[in-house]
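Take a look at the structure set out below.
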Amino acid sequence: NKLSMENGGTLNHHDVETPKNITIKGILSLLLQSVDENGDRSIISLGMGDPSAYSCFHTTPVAQEAVVHALESGKFNGYAPTVGLPQTRRAIAEYLSRELPYHLSSDDVFITSGCTQAIDVALAMLARPGANILLPRPGFPIYELCAAFRHLEVRHFDLLPEKGWEVDLDAIEALADQNTVAVVIINPGNPCGNVYSYQHLKKIAETAEKLKILVIADEVYGHLAFGKNPFVPMGVFGSIVPVLTLGSLSKRWIVPGWRLGWFVTSDPSGMYRKPKV
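Just so you know, we're using my numbering here: the sequence shown kicks off at 26 and counts up by one.
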């Protein structure tokens with residue numbers, strides 16, 4: 026229950042517990058504590074995005090057979106490169122390039138253990154003393170957790186329900202300052218389920234360019250769009266502003282337990298390579 030410290034003291038495990046109002050599981054736990062399990066009404070949880078939990082959703086046999094073949098080949102039992110296998114990075118680059126006006130290379134792709142690690146790595150790369158990051162409200166709580174761990178100040182901008190949960194661009198301009206390192210966009214939206222139009226995404230890119238900040242595009246629900254707006258990758262606007270795209274196999278391919286995610290630099294103008302970025 027206690028961790029030994031180098032100076033001879035101890036740290037109780039309660040001192041390092043995650044605040045229960047930050048993580049999704051913590052919030053769900055608080056809600057479930059108030060539910061009458063013996064009541065007449067059944068409970069349908071909309072709190073966790075795990076499509077595999079329902080029998081009507083399952084991945085394709087082709088994907089399952091590919092995993093079996095990879096295991097039986099014996100070629101992947103050793104340590105993989107830190108940034109991911111070259112063929113995996115190349116495949117993701119080719120897949121994402123289909124919808125972009127430029128071509129990604131495998132050097133633009135970095136493999137992570139699910140999108141959660143992609144979020145943590147992205148924020149770790151941007152963290153520095155005094156830095157702040159702009160997050161949507163409502164949004165995905167993991168961003169607040171990772172920002173707190175990396176000592177990044179969080180500044181929230183509201184999404185506008187009367188405009189289909191669009192980003193309040195005026196609020197972004199008011200919140201940003203010389204210490205702002207990035208703005209996070211979740212599209213398709215989590216938790217609101219909205220899908221941004223091409224025109225709105227372009228305005229977001231132009232606003233970020235004006236403020237000289239990076240756009241982190243969380244696209245883990247990419248292509249799960251069923252309304253009037255088709256899904257448009259934020260990387261389409263990479264020539265306007267550098268975009269760090271986060272994604273994974275979890276949602277579209279219904280395999281969250283496989284823990285395969287990525288972050289991708291969409292930066293055809295080479296802004297990332299400048300020393301100050």
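Note that beta-carbon positions come from the ideal geometry of N, C-alpha and C, so glycine has one too.
A quick note: this is a predicted structure, and the numbers were derived from the prediction, not measured.
Proximity of the stretch 240–247 to the stretch 262–275 meets the contact definition, three or more beta-carbon pairs being nearer than 8 Å. Around Glu-178, the same chain offers Asn-157 as residues with beta carbons nearer than 6 Å, after the five sequence neighbours per side are excluded.
Using a Cβ distance threshold of 8 Å, Asp-133 and Thr-290 count as a contacting pair. In this structure Asn-212 is buried. Its beta-carbon is surrounded by 16 or more other beta-carbon atoms within 10 angstroms. Beyond the five residues adjoining it in sequence on each side, Ala-149 comes within less than 6 Å, by CB distance, of Arg-175 in the same chain, given in chain order.
In the DSSP annotation of this structure, the continuous segment of the alpha helix (DSSP H) that includes Gly-139 starts and ends at 139–151. Your pair Ile-167 and Thr-141 checks out as a contact, with CB atoms roughly 6 Å apart and the cut at 8 Å.
Nearest Cα to Trp-283 within the set Gln-89, Asn-254, Pro-216: Gln-89. At a Cβ-Cβ threshold of 8 Å, Ile-136 and Arg-115 do not count as neighbours. Sequence-distant partners of Glu-124 (beyond 5 residues in either direction) whose C-beta falls short of 6 Å from its own C-beta, in its chain, are Pro-258. Taking C-beta separations shorter than 6 Å and ignoring five residues to either side along the sequence, the partners of Ala-143 in its chain run Thr-137, Leu-271, Gly-286, Phe-288, following chain order. Segment contact: the stretch 91–103 against the stretch 225–239, fewer than three CB-CB distances shorter than 8 Å; contact not assigned. Looking at the DSSP output, Ser-291 bridges to Val-268.
Restricted to the stretch 181–231, the alpha helix (DSSP H) segments that are unbroken, complete and at least 4 residues in length are 194–200, listed in chain order. If you draw a straight line from the Cα of Asn-204 to the Cα of Gly-155, it comes to about 7 Å. In the DSSP assignment, Val-93 falls within the unbroken alpha helix (DSSP H) covering 86–98.
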